[in-house]
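Participant: Residue numbers (this note's numbering): 176 to 653. Before anything else, here's the structure in question.
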Amino acid sequence: MQVVCIPEKYTLLEPPSGWSVQQNSGEHMQIFADAPGSRHAAAPFCACCWSVPSSRVYLRNSLTSVSRYTYMGYEGQALGLEGLVLGRFSMRIYLDHNATTPVEPEVLGAMLPYFSADFGIAASIHTPGQRARAAVETAREQVAAVLGARPQEIVFTSGGTESDNHAIFGIVRNAPGRTKHVVTTQTEHEAVLNACQSLEKDSAGAIEVTYLPVDSTGLVDPEAVRDAIRPQTTLITVMHANNELGTVQPLEKIGKIAAQNDIYFHSDAVQSAGKIPLDVNTLGVDLLAISGHKFYAPKGVGALYIRGGTRLRQLLYGGHHQRGFRPGTENVPGIVGLGKAAELARAFLAADSAGVSALRDQLERELLARIPDSRANAMAAPRTPNTTNITLPGIEGEALIIALDLKGLSCSTGAACSSGSVEPSHVLTAIGLAPEEARASVRFSLGRHTTPQEIAAAVEIVPAAVAQLRQLSPAYQK
Ligand code: PLP
176 MQVVCIPEKY
186 TLLEPPSGWS
196 VQQNSGEHMQ
206 IFADAPGSRH
216 AAAPFCACCW
226 SVPSSRVYLR
236 NSLTSVSRYT
246 YMGYEGQALG
256 LEGLVLGRFS
266 MRIYLDHNAT
276 TPVEPEVLGA
286 MLPYFSADFG
296 IAASIHTPGQ
306 RARAAVETAR
316 EQVAAVLGAR
326 PQEIVFTSGG
336 TESDNHAIFG
346 IVRNAPGRTK
356 HVVTTQTEHE
366 AVLNACQSLE
376 KDSAGAIEVT
386 YLPVDSTGLV
396 DPEAVRDAIR
406 PQTTLITVMH
416 ANNELGTVQP
426 LEKIGKIAAQ
436 NDIYFHSDAV
446 QSAGKIPLDV
456 NTLGVDLLAI
466 SGHKFYAPKG
476 VGALYIRGGT
486 RLRQLLYGGH
496 HQRGFRPGTE
506 NVPGIVGLGK
516 AAELARAFLA
526 ADSAGVSALR
536 DQLERELLAR
546 IPDSRANAMA
556 APRTPNTTNI
566 TLPGIEGEAL
576 IIALDLKGLS
586 CSTGAACSSG
596 SVEPSHVLTA
606 IGLAPEEARA
616 SVRFSLGRHT
626 TPQEIAAAVE
636 IVPAAVAQLR
646 QLSPAYQK
């Protein structure tokens with residue numbers, strides 16, 4: 176059963192098929208429907224009073240802004256505007272979870288008190304402050320537990336970008352000596368690549384960075400990391416899972432090489448946290464970045480794991496928050512949400528990843544079978560269970576994204592729009608794709624709530640859209 180509570184002031188024109196309307200104690204209107212295969216028991220959920228957010232119903236911040244998520248393959252139109260009438264349900268399939276995920280109801284439920292009743296800041300010594308402090312410390316324990324770390328090794332940040340920047344600038348700027356060297360890969364996220372480039376640019380040649388190539392599946396060779404090390408190497412930074420391909424790097428091997436050479440090792444684990452098991456000791460990392468909005472916590476909150484004893488310069492200067500190491504008033508609701516999401520990830524990771532990878536494999540298999548000349552990238556590499564990246568010769572990825580969006584399916588390309596032109600993805604060109612092949616590639620990333628029905632619909636929608644675009648493409652030889 177799936178339940179959506181609709182504030183009274185909205186009118187339900189007609190329930191979508193399979194849904195029935197029920198009044199709840201004369202106060203609130205609710206829609207009930209069966210959700211085949213749901214492992215979550217239904218619970219009446221009220222957007223007006225925020226009660227019982229235990230069913231997988233999504234809502235946004237106030238009673239004038241409620242939307243049901245795509246759990247059933249339907250999405251209620253968001254009640255973001257006055258006068259918008261509910262009841263015309265449209266099919267929307269969200270396959271862009273590497274971009275961001277919805278906040279889980281349990282996460283939202285945990286956060287809500289810290290916006291209002293428990294609004295204190297963790298720095299105050301009075302009772303409201305102490306309640307906030309206790310909540311932040313509980314979250315620190317939850318995040319540490321999912322990473323196999325100790326709570327005192329977790330610093331809360333504003334997200335993946337800040338965590339990556341803090342690790343990179345913090346290690347390199349703190350290292351002794353004038354000349355320094357960093358080893359990284361060509362397929363890192365911009366949060367790492369641009370930080371490295373800025374180190375080079377601002378140091379007038381004193382800091383050099385080696386950007387290691389990857390193979391055709393996106394994997395870096397650990398021996399190439401070893402060979403790149405110089406006496407001045409102060410940091411090795413290699414991402415755990417790639418955002419575009421899902422490729423999971425051999426961090427354990429690189430961690431051993433870093434330890435043997437006494438070099439700090441950082442990893443951007445923004446795309447692996449919550450998707451595959453993560454243990455900082457098994458991986459041998461000294462620093463590791465995660466971001467809440469990639470695993471069902473809100474945007475704008477993340478964490479940096481810093482192994483005890485690591486000599487790291489702080490990034491921000493200010494008050495005494497987080498022992499002065501990361502000053503700035505703690506985002507208490509966000510941190511509480513991050514902690515809750517970490518706890519859920521720990522509990523559901525095995526089940527989530529088995530279900531998601533089966534659906535991803537089915538999507539990939541069927542798209543490759545139904546779309547002539549299509550091929551999946553990085554299939555032979557160890558990958559996160561939710562990601563597939565497919566090259567569809569003869570189409571422009573951006574045009575396909577728009578065509579699919581019009582049909583109610585959300586996915587993405589790795590292309591970046593700069594100065595009005597579409598740059599091919601640096602990740603796809605690094606694995607050997609020609610610029611036009613990279614531009615013809617799209618990424619589908621599934622989530623915890625992706626359903627078999629959504630995948631069944633996607634394997635109809637995508638081939639039809641590709642065929643349509645190819646008909647218009649002079650470049651595509653039929
Ligand atoms: N690193 C990777 C691999 C990412 O995919 C992202 C976001 O897409 C980031 C870092 C940046 O994280 P945030 O959005 O929290 O700043």
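All C-beta atoms, glycine included, are put in the ideal place defined by N, C-alpha and C. The structure presented is a predicted model; accordingly, all values stated were derived computationally and were not measured.
(1) Between residue 369 and residue 487, is the Cβ-Cβ spacing less than 8 Å?
(2) What do you reckon, are the CB atoms on residue 622 and residue 561 nearer than 8 Å?
(3) Quick one: complete alpha helix (DSSP H) runs, 4+ long, within the segment 262-300?
(4) So, using beta-carbon positions, are residue 290 and residue 473 closer together than 8 Å?
(5) By Cβ distance below 6 Å, which residues in the same chain neighbour residue 336 in space, the five residues on each side in sequence not counted?
(6) Would you mind reading off the limits of the alpha helix (DSSP H) that contains residue 306?
(7) Closer than 7 Å to a non-hydrogen atom of the ligand ATP - does that hold for the CB of residue 409?
(8) Which term fits residue 351, buried or exposed, when burial requires 16 or more other beta carbons within 10 angstroms of its beta carbon?
(9) Would you list, in sequence order, the uninterrupted alpha helix (DSSP H) runs of no fewer than 4 residues that lie entirely inside the segment 606-637?
(10) Go through the segment 323-376 residue by residue and report every complete run of the alpha helix (DSSP H) that reaches 4 residues or more, in order.
(11) For residue 634, I'd like the list of residues in its chain whose CB is within less than 7 Å of its CB, leaving aside the five on either flank, ordered along the chain.
(12) Between residue 606 and residue 392, how many whole angstroms is the CB-CB distance? I'm expecting something under 8 Å.
(13) Let me confirm a value: residue 398 is counted as buried when at least 16 other C-beta atoms fall within 10 Å, else exposed. Which label applies?
(14) Can you check which of these residues, 379, 377, 412, is closest to residue 386 by C-alpha distance?
(15) Please classify residue 608 as buried or exposed, where buried requires at least 16 other C-beta atoms within 10 Å of its C-beta.
(16) Can you give me the Cβ contacts of residue 578 inside the same chain, cut-off strictly under 8 Å, excluding the 5 residues immediately before and after it?
(17) Which runs of the beta strand (DSSP E) fall wholly inside the segment 452-491 and span at least 3 residues, in chain order?
(18) Starting from the Cα of residue 522, find the closest Cα among 329, 383, 475, 318 and give me that residue.
(19) Hey, residue 347 and residue 408: beta-carbon distance below 8 Å or not?
(20) Since residue 568 and residue 612 are thought to touch, with beta carbons under 8 Å apart, how far apart are those beta carbons, to the nearest angstrom?
(21) Taking only three categories from DSSP, how would you classify residue 587?
(22) Is it right to say residue 504 is buried, meaning 16 or more other beta carbons lie within 10 angstroms of its own, or is it exposed?
(23) In angstroms, rounded to a whole number, what distance separates the CA positions of residue 304 and residue 296?
(24) Could you name the residues of the same chain whose beta carbon sits closer than 6 Å to that of residue 527, not counting the 5 residues immediately before and after it, in chain order?
(25) Select from 330, 469, 267, 632 the residue whose C-alpha is nearest the C-alpha of residue 480.
(26) Spell out a yes or no on whether the segment 490-499 and the segment 270-289 are touching, meaning 3 or more CB-CB pairs, one atom from each, closer than 8 Å.
(27) Hey, residue 419 and residue 602: beta-carbon distance below 8 Å or not?
(28) Straight-line CA distance for residue 457 to residue 334?
(29) In whole angstroms, give me the CA-to-CA distance for residue 327 and residue 516.
(30) Among residues of its own chain, excluding the 5 on either side of residue 359, which ones have a beta-carbon nearer than 8 Å to its beta-carbon?
Facilitator: For this structure:
(1) The sequence position of residue 369 within the sequence shown is 194, counting from 1. The sequence position of residue 487 within the sequence shown is 312, counting from 1. Not in contact: residue 369 and residue 487 (Cβ atoms no closer than 8 Å).
(2) Counted from its first residue, the sequence shown places residue 622 at position 447. Counted from its first residue, the sequence shown places residue 561 at position 386. Yes.
(3) The alpha helix (DSSP H) runs lying completely inside the segment 262-300 and spanning 4 residues or more are 280-286, given in chain order.
(4) Translated into the one-based positions of the sequence shown, residue 290 becomes position 115. Translated into the one-based positions of the sequence shown, residue 473 becomes position 298. It is not a contact, given that the beta carbons lie outside the stated cut-off.
(5) If you number the sequence shown from 1, residue 336 lands on position 161. Result list for residue 336: 366, in chain order.
(6) By 1-based counting over the sequence shown, the position of residue 306 is 131. First-last of the alpha helix (DSSP H) with residue 306: 302-322.
(7) Absent from the structure shown: the ligand ATP. Ligands present: the ligand PLP.
(8) On the sequence shown, residue 351 is found 176 positions in, with the first residue counted as 1. A residue is called buried once 16 or more other Cβ atoms fall within 10 Å of its Cβ, and residue 351, having fewer, is exposed.
(9) 610-614
(10) Taken in chain order, the complete alpha helix (DSSP H) segments of 4 or more residues contained in the segment 323-376 are 335-349.
(11) Residue numbering aside, residue 634 sits at position 459 when the sequence shown is read from its first letter. The residues are 538, 541, 542, 545.
(12) Counted from its first residue, the sequence shown places residue 606 at position 431. Counted from its first residue, the sequence shown places residue 392 at position 217. About 7 Å; that satisfies the 8 Å criterion.
(13) Against the sequence shown, residue 398 aligns to sequence position 223. Here residue 398 is exposed: its Cβ has fewer than 16 other Cβ atoms, across all protein chains shown, within 10 Å.
(14) The residue given as residue 386 occupies position 211 in the sequence shown. The residue with the shortest Cα to Cα distance from residue 386 is 412.
(15) On the sequence shown, position 433 is the one that residue 608 refers to. Of the residues assessed, residue 608 falls on the buried side of the cut-off, its CB having 16 or more other CB atoms within 10 angstroms.
(16) Along the sequence shown, read from residue 1 onward, the residue named residue 578 stands at position 403. So the list reads 640, 643, 644, once near-sequence residues are dropped.
(17) 462-466, 477-481
(18) Taking the sequence shown and counting its residues from 1, one reaches residue 522 at position 347. For the options 329, 383, 475, 318, the alpha carbon positioned closest to that of residue 522 is the one of 318.
(19) Against the sequence shown, residue 347 aligns to sequence position 172. Against the sequence shown, residue 408 aligns to sequence position 233. No, the pair does not count as a contact, with Cβ atoms beyond the cut-off.
(20) The count along the sequence shown starts at 1 and reaches residue 568 at position 393. The count along the sequence shown starts at 1 and reaches residue 612 at position 437. At roughly 7 Å, the Cβ-Cβ gap stays under 8 Å, so residue 568 and residue 612 are in contact.
(21) Sequence index remark: in the sequence shown, residue 587 carries index 412 (1-based). The three-state secondary structure of residue 587, taken from DSSP, is strand.
(22) Position 329 of the sequence shown, counting from 1, holds the residue named residue 504. Within 10 angstroms of the beta-carbon of residue 504 lie fewer than 16 other beta-carbons, which makes it exposed.
(23) Stepping through the sequence shown from its first residue, residue 304 is reached at position 129. Stepping through the sequence shown from its first residue, residue 296 is reached at position 121. Straight-line Cα distance between these residues: approximately 5 Å.
(24) As a first step, residue 527 must be located in the sequence shown, where it is residue number 352. So the qualifying residues of the chain are 623.
(25) By one-based count along the sequence shown, residue 480 stands at place 305. Nearest C-alpha to residue 480: 330.
(26) Output reads no: the segment 270-289 does not touch the segment 490-499.
(27) Indexing the sequence shown from 1 puts residue 419 at position 244. Indexing the sequence shown from 1 puts residue 602 at position 427. In contact: residue 419 and residue 602 (Cβ atoms closer than 8 Å).
(28) In the sequence shown, residue 457 corresponds to position 282, counting from 1. In the sequence shown, residue 334 corresponds to position 159, counting from 1. Cα-Cα distance, rounded: 23 Å.
(29) Translated into positions along the sequence shown, residue 327 becomes position 152. Translated into positions along the sequence shown, residue 516 becomes position 341. For residue 327 and residue 516, the distance between alpha carbons rounds to 19 Å.
(30) Stepping through the sequence shown from its first residue, residue 359 is reached at position 184. Around residue 359: 367, 368, 371, 384, 385, 386, 387, 411, 412, 413.
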